[in-house]
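Asker:
There are 2 protein chains.
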Amino acid sequence: MSLDPARLSFNQITADHLSLEAAVEASAAEGIGWFGPWRHKLGPGAAEHIHGAGLRVSSLCRGGFFAAETAAARAERANDNRLAVEQAAELGTDVLVLVCGPAPDGDLEGARRQVLEGIEALLPHSAEHGVRLGIEPLHPMMIAERSVVVTLAQALDLAERFDPAEVGVVVDAYHVWWDPELDAQVDRAAGRILGYHVSDWLSPTPDVLAGRGMMGDGVIDLPGIRARVEATGYHGPIEVEVINPALAELSSAELMATVRARFERCC
Amino acid sequence: MSLDPARLSFNQITADHLSLEAAVEASAAEGIGWFGPWRHKLGPGAAEHIHGAGLRVSSLCRGGFFAAETAAARAERANDNRLAVEQAAELGTDVLVLVCGPAPDGDLEGARRQVLEGIEALLPHSAEHGVRLGIEPLHPMMIAERSVVVTLAQALDLAERFDPAEVGVVVDAYHVWWDPELDAQVDRAAGRILGYHVSDWLSPTPDVLAGRGMMGDGVIDLPGIRARVEATGYHGPIEVEVINPALAELSSAELMATVRARFERCC
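Residue numbers (the working numbering), protein chains in the order written: chain A, 1156 to 1422; chain B, 1156 to 1422.
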């Protein structure tokens, strides 16, 4: 059975070579109903442009990167995260994706403590703006550059310290499919899943950070993971987030048609 | 405090560009006491050559790759694993490293069951030859090509089904350093650790399968992990296993001197 394209959200990083405006227009032209912007693409009028094209915003990517070597640097990150919350609210989404950041000095445990402290500090501001924080565990191979939070269990250990109306998790199939604990942890995440992302794992993987595949080109059991996620009660948008510079070789229309076709057939 | 080089074992894959004979000679010339051969380098007289140079064999790499699509293919793997056991015994080591292999068809759970069945089937032969099976969890980024066993917890779940005199685990810092459960799982592995391997995690990582760094060039807390491993009672050889084709640019003497110096200073 093919997946209802009404649930498809086009995550901007899949077309990082396009402006937000161009990506929004191409999404709308393909009949895609949701859009997932990244902050580095936001400019004046972004919200109006997205909504004007008839798209809804599934989440804003991203806050996080909490750990830093100095108190001054951590304060700067905290300010930036408050701004991210405000941007999410302005875009009309209630989900801010948190990519928690690496350990600045190799001390994983210390960095993990700073992540917790960073979320605690951000919480009053995000709650006030009606924005939920979605902790996204990243694949362990990204630990040195992107996130000391590398398993769904770890993300849930963090999230469960807070009200589920305020802090949850984002499940990205690419980041979690390898996990022997996946089924149990997805079940545990019931009521906390704020977003579900898809792409595929290419074998061999061409690049640690930007080597993702279009759904159907790799080895992840995407229908199986989606079924498990939906069994928890999550029926929200599904973001297609394929980070691979080779996609820039397609025209925006070809890219969107491929995204939609693979979404319907392979997810 | 620098680490006693008497515990250093040179894992052959660190110099895959050299013959076994050349790697053994260069190791011995540097005063290294142990050697970790790989099967594809073994030829007639390998054991005599290693022992004649005054080196002991810390382990043989590798058996495993249990899962396959057909019964005939699985039987072939089983035969090959029995041969690996015999080769380990002939080399005078009691440790055969198991790299468990990928899922041939994307079914991770099915492949994990076949790994268990493969170990069960191999056990009478390995016990008879006095060879212990060391299940090595590989980094999750290697799941599609090398191993469906990707965490120490998972390796221990397998190993604990058997007598610790017959089945244990091999801890490679490169494969496990990211794991939020690492400390707890190393503690749990007490009495089951059959080997400890080191290299370093480069940031960024240049290649998923062959992008490892020399100890000290990356971000892993190697002294911390070793201390935890030793607290379980493991005081055996430590294999230096740096898979990176760039090392072929060094002369064998330069390579061995670097390995020994980094081992003493950074591990």
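Even glycine gets a Cβ: it sits at the ideal position worked out from N, Cα and C. Note that the structure is a prediction, hence the values are computed from the model and not measured.
Since A:Glu1409 is in the alpha helix (DSSP H), which residue starts that stretch and which ends it?
Answerer: 1407-1421
Asker: Do you know offhand how far A:Glu1231's Cα is from A:Arg1347's?
Answerer: 28 angstroms
Asker: Would the beta-carbon of A:Ser1174 fall within 9 angstroms of that of A:Glu1419?
Answerer: Not a contact, by the Cβ cut-off of 9 angstroms.
Asker: May I ask you to verify whether the stretch 1208-1215 of chain B touches the stretch 1259-1268 of chain B, counting CB pairs closer than 8 angstroms and requiring at least 3?
Answerer: no
Asker: Inspect the beta-carbon positions of A:Gly1323 and A:Leu1278 and report whether they are closer than 9 angstroms.
Answerer: no
Asker: Residues of chain B with a CB under 9 angstroms from the CB of A:Ala1412: which are they?
Answerer: Close to A:Ala1412, with beta-carbon spacing below 9 angstroms, lies no residue of chain B; the smallest spacing is near 26 angstroms.
Asker: Report yes or no: is there a C-beta of chain B within less than 9 angstroms of the C-beta of A:Asp1376?
Answerer: yes
Asker: Who are the Cβ neighbours of A:Glu1336 in its own chain at under 8 angstroms, not counting the five residues just before and after it?
Answerer: Thr1306, Leu1307, Ala1308
Asker: What are the residues in the stretch 1333-1344 of chain B lying within 7 angstroms of chain A by C-beta distance?
Answerer: Trp1333, Pro1335
Asker: Tell me which residues share the same chain as A:Ile1398 and place their Cβ nearer than 6 angstroms to its Cβ, disregarding the 5 neighbours each side in the sequence.
Answerer: Excluding positions up to five away in sequence, the list reads Ile1168, Ala1365, Arg1367.
Asker: Taking 8 angstroms as the threshold, find out whether the stretch 1184-1191 of chain A comes into contact with the stretch 1400-1414 of chain A through three or more Cβ pairs.
Answerer: yes
Asker: With respect to the beta strand (DSSP E) encompassing B:Arg1268, which residues constitute its N-terminal and C-terminal limits?
Answerer: Element bounds for B:Arg1268: not the beta strand (DSSP E) but the alpha helix (DSSP H), 1263-1283.
Asker: Which residue marks the beginning of the beta strand (DSSP E) containing A:His1352, and which one marks its end?
Answerer: Following the DSSP letters along the chain, one finds A:His1352 inside the beta strand (DSSP E) bounded by residues 1348-1353.
Asker: Sorted by chain position, which residues of the same chain lie with C-beta nearer than 7 angstroms to B:Met1296's C-beta, five sequence neighbours on each side aside?
Answerer: The beta carbon of B:Met1296 sits closer than 7 angstroms to those of Val1363, all from its chain and outside the five residues before and after it, given in chain order.
Asker: Restricting to Cα atoms, I'd like to know which of A:Met1369, A:Arg1301, A:Pro1319, A:Ala1339 is closest to A:Ala1412.
Answerer: A:Met1369
Asker: Measuring only the C-alpha atoms, how far is B:Trp1356 from B:Ala1282?
Answerer: B:Trp1356 and B:Ala1282: Cα-Cα distance of roughly 35 angstroms.
Asker: Report the option in A:Ile1375, A:Thr1360, A:Trp1333, A:Val1250 whose CA atom is closest to the CA atom of B:Leu1293.
Answerer: A:Trp1333
Asker: What separation, rounded to the nearest whole angstrom, lies between the Cα atoms of B:Glu1180 and B:Ala1208?
Answerer: 7 angstroms
Asker: Roughly how many angstroms lie between the CA atoms of B:Ile1375 and A:Thr1248, to the nearest whole one?
Answerer: 38 angstroms
Asker: Between which two residues does the beta strand (DSSP E) harbouring B:Arg1217 extend?
Answerer: 1215-1219
Asker: Using a 10 Å radius around the Cβ and a threshold of 16 neighbouring Cβ atoms, would you call B:Gly1275 buried or exposed?
Answerer: According to the sequence provided, residue 1275 of chain B is Glu. The question's Gly does not apply to it. Exposed, since its Cβ has fewer than 16 Cβ neighbours within 10 Å.
Asker: Just how far apart, CA to CA, sit A:Val1240 and B:Ser1358?
Answerer: 30 angstroms
Asker: In angstroms, rounded to a whole number, what distance separates the CA positions of B:Phe1220 and B:Ser1354?
Answerer: Cα to Cα, B:Phe1220 sits roughly 23 angstroms from B:Ser1354.
Asker: Using the three-state DSSP reduction, which class does A:Ser1157 fall into: helix, strand or coil?
Answerer: coil
Asker: Taking the alpha-carbon of B:Glu1154 as reference, which of B:Ala1227, B:Leu1313, B:Val1341, B:Ala1222 has the nearest alpha-carbon?
Answerer: In the structure as shown, chain B starts at 1156 and stops at 1422, and residue 1154 of chain B therefore has no counterpart that could be examined.
Asker: So which of A:Ala1382, A:Trp1189, A:Gly1350, A:Cys1422 has the shortest CA-CA distance to A:Leu1251?
Answerer: A:Gly1350
Asker: Can you tell me the Cα-Cα spacing of B:Arg1237 and A:Ala1177, whole angstroms?
Answerer: 60 angstroms
Asker: State the DSSP-derived secondary structure class of B:Val1179, mapped to helix, strand or coil.
Answerer: helix
Asker: For the beta strand (DSSP E) that A:Glu1394 lies in, which residues bound it at each end?
Answerer: 1393-1395
Asker: Please classify B:Gly1366: does DSSP put it in a helix, a strand, or coil?
Answerer: coil
Asker: Hey, how far is the Cα of A:Ala1226 from the Cα of A:Asn1234?
Answerer: 12 angstroms
Asker: Need the endpoints of the alpha helix (DSSP H) that A:Gly1207 sits in, please.
Answerer: 1201-1207
Asker: Chain B partners of A:His1294, CB-CB under 8 angstroms?
Answerer: Pro1295, Met1296
Asker: On the DSSP bridge list, what partners appear for B:Trp1332?
Answerer: B:Trp1332 pairs with nothing; no bridge assigned.
Asker: For B:Ala1244 and A:Pro1259, I'd like the C-alpha separation in whole angstroms.
Answerer: 45 angstroms
Asker: Taking only three categories from DSSP, how would you classify A:Val1286?
Answerer: coil
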